[in-house]
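Protein chains in written order, with the numbering used here: chain U, 55 to 199; chain R, 221 to 359.
C-beta: ideal position from N, C-alpha, C; glycine also.
Remember, it's a predicted structure, so these values are computed and weren't measured experimentally.
In what follows, a single structure is set out as structure tokens and then discussed.
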Amino acid sequence: MATTTATITLSSADLLSDNLSLSSTMNLYKDGTTATGLEQLNYHRAILAEDGDFDLIAESALLSDKANYVYICNKNTDVSHYCIISINSKVIGRLYAGDWLFMPWDCDETGATADSSVEIIPKEADATVEYALFHSGETLPTSSD
Amino acid sequence: MATTTATLTLSSADIADNNISISNTMTFYTAGTNTGITETTGLARKKTVTGTNTTLLATGSGIAADVTADRSAKVYIKNINDRGDGRKFVTILLQTVEIGRLYGGDWMLIPWSGGSSNDIEFTASDTTETTLEYTCFYE
């Protein structure tokens with residue numbers, strides 16, 4: 055097993071009348087375990103065409119109903135550039151330039167009408183995106199030759 | 221305007237042959253600007269003892285009424301329960317569409333497009349008391 059941690063720190067000195075400071079650390083464990091870490095990782099950097107509708111992280115049988123965690127960061131710098139992130143045509147939100155997200159992902163292969171792939175549409179310009187999937191295992195395509 | 225930042229650090233010394241360390245800080249801006257977000261729900265806590273869907277943030281009502289699809293909003297959610305036997309989790313949904321499972325101790329931070337039919341909901345995997353902490357930053 056591996057030990058992988060994800061730490062978030064939220065802070066502001068002037069959003070409220072007092073300082074905001076919140077910090078949390080989690081271990082990335084496998085489903086059905088209390089202390090066994092995820093052992094597999096996909097980490098990518100891609101330049102995606104404006105207005106393309108892409109499966110950024112595709113479904114896979116071995117990913118289904120497991121503990122998986124997704125990180126996506128929009129590396130563009132123009133503040134007007136953003137990427138629409140969605141699952142099964144349901145928009146989660148917009149990642150503007152410099153924004154990141156970190157979320158669990160429940161790959162759910164219940165049929166073509168319930169595509170749970172993590173999708174992305176770059177808007178206003180091509181988007182440079184870094185993304186990672188920490189997972190329990192994935193089904194690779196079988197070689198045809 | 222206000223300056224609110226979120227810093228993520230993902231690290232592992234043994235998931236690969238070399239150390240993995242991903243770190244990023246973002247500032248919460250209003251949509252398409254360099255102007256800081258100035259509104260928040262504050263940190264809140266919600267409990268449930270049912271295994272059915274519970275609405276965490278409802279679009280179009282209350283403090284989330286200002287969160288629409290073309291505005292900027294960020295949502296932080298943490299499951300403060302323990303992991304139980306490792307199969308105790310909360311499923312986070314956008315209405316009927318599953319995003320993922322927050323096991324005990326897990327957190328998430330996502331952008332949120334409000335608008336109609338985009339409530340953030342959760343379903344606990346069992347009927348023991350489950351508690352979530354959450355906050356939304358929005359314009």
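Within 10 angstroms of the Cβ of residue i, are there 16 or more other Cβ atoms? Answer buried if so, exposed if not.
i, result
"Thr250 (chain R)", "buried"
"Pro195 (chain U)", "exposed"
"Thr338 (chain R)", "For clarity, residue 338 (chain R) is Asn in the given sequence; the question names Thr instead. Counting Cβ neighbours within 10 Å, Asn338 (chain R) comes out buried, since at least 16 surround it."
"Leu263 (chain R)", "exposed"
"Leu70 (chain U)", "exposed"
"Asp160 (chain U)", "buried"
"Gly271 (chain R)", "exposed"
"Asp326 (chain R)", "buried"
Leaving out five residues before and five after residue i in sequence, what residues of the same chain have Cβ atoms less than 6 Å from its Cβ?
i, result
"Ala56 (chain U)", "Gly91 and Glu93"
"Ser231 (chain R)", "Ser241"
"Ser292 (chain R)", "Thr250, Ala251 and Glu359"
"Ile330 (chain R)", "Val295"
"Thr247 (chain R)", "Thr225"
"Ser77 (chain U)", "Thr63"
"Asn244 (chain R)", "Leu228"
By the three-class DSSP mapping on this structure, what secondary structure does residue i have?
i, result
"Ala186 (chain U)", "strand"
"Leu228 (chain R)", "strand"
"Asp109 (chain U)", "strand"
"Leu64 (chain U)", "strand"
"Ala168 (chain U)", "helix"
"Ala100 (chain U)", "strand"
"Leu116 (chain U)", "helix"
"Ala285 (chain R)", "helix"
"Thr310 (chain R)", "According to the sequence shown, residue 310 (chain R) is Val rather than Thr. Val310 (chain R): strand per DSSP, three-state reduction."
"Trp159 (chain U)", "coil"
"Met55 (chain U)", "coil"
"Gln94 (chain U)", "strand"
"Lys84 (chain U)", "coil"
"Val133 (chain U)", "coil"
"Trp327 (chain R)", "strand"
Which same chain residues, not among the five before or five after residue i, have their C-beta less than 8 Å away from its C-beta?
i, result
"Thr131 (chain U)", "Ala151 and Gly152"
"Tyr83 (chain U)", "Ala89, Thr90, Gly91, Leu92 and Ala121"
"Ala222 (chain R)", "Gly256, Ile257 and Thr258"
"Gly191 (chain U)", "Gln94, Leu116, Leu117 and Lys120"
So, for residue i: in the same chain, excluding its five sequence neighbours on each side, which residues have a beta-carbon less than 7 Å away from its beta-carbon?
i, result
"Glu349 (chain R)", "Lys267 and Val269"
"Ile102 (chain U)", "Reading off the sequence, residue 102 (chain U) comes out as Leu, not Ile. Phe108, Ile174, Pro176, Asp180, Ala181 and Val183."
"Gly335 (chain R)", "Thr279, Thr288 and Ala289"
Give the C-beta separation of residue i and residue j to the nearest angstrom, bearing in mind that I take them to be a contact with Cβ-Cβ under 8 Å.
i, j, result
"Leu314 (chain R)", "Lys144 (chain U)", "5 Å"
"Thr355 (chain R)", "Thr275 (chain R)", "Wrong, their Cβ atoms sit about 16 Å apart, outside the cutoff."
For the candidate residues the options, whose alpha-carbon lies nearest to that of residue i?
i, options, result
"Met157 (chain U)", "U:Tyr185, U:Ala67, U:Ser77 and U:Tyr136", "U:Tyr185"
"Thr58 (chain U)", "U:Asn122, U:Leu102, U:Asp105 and U:Asp68", "U:Asn122"
"Ile111 (chain U)", "U:Ser170, U:Ala179 and U:Leu74", "U:Ser170"
"Asn299 (chain R)", "U:Ile141, U:Glu113, U:Met80 and U:Gly191", "U:Met80"
"Asn142 (chain U)", "U:Asp105, U:Ala60, U:Glu163 and U:Ser65", "U:Glu163"
"Glu318 (chain R)", "R:Thr260, R:Asp302, R:Thr343 and R:Asp326", "R:Thr343"
"Tyr97 (chain U)", "R:Cys356, R:Leu276, R:Ile235 and R:Trp332", "R:Ile235"
"Trp154 (chain U)", "U:Ile146, U:Asn128 and U:Ser140", "U:Asn128"
"Cys137 (chain U)", "U:Glu104, U:Glu113 and U:Ala168", "U:Glu104"
"Gly324 (chain R)", "R:Phe309, R:Asp305 and R:Thr316", "R:Phe309"
"Asp302 (chain R)", "R:Ile312, R:Leu322, R:Thr316 and R:Asp286", "R:Leu322"
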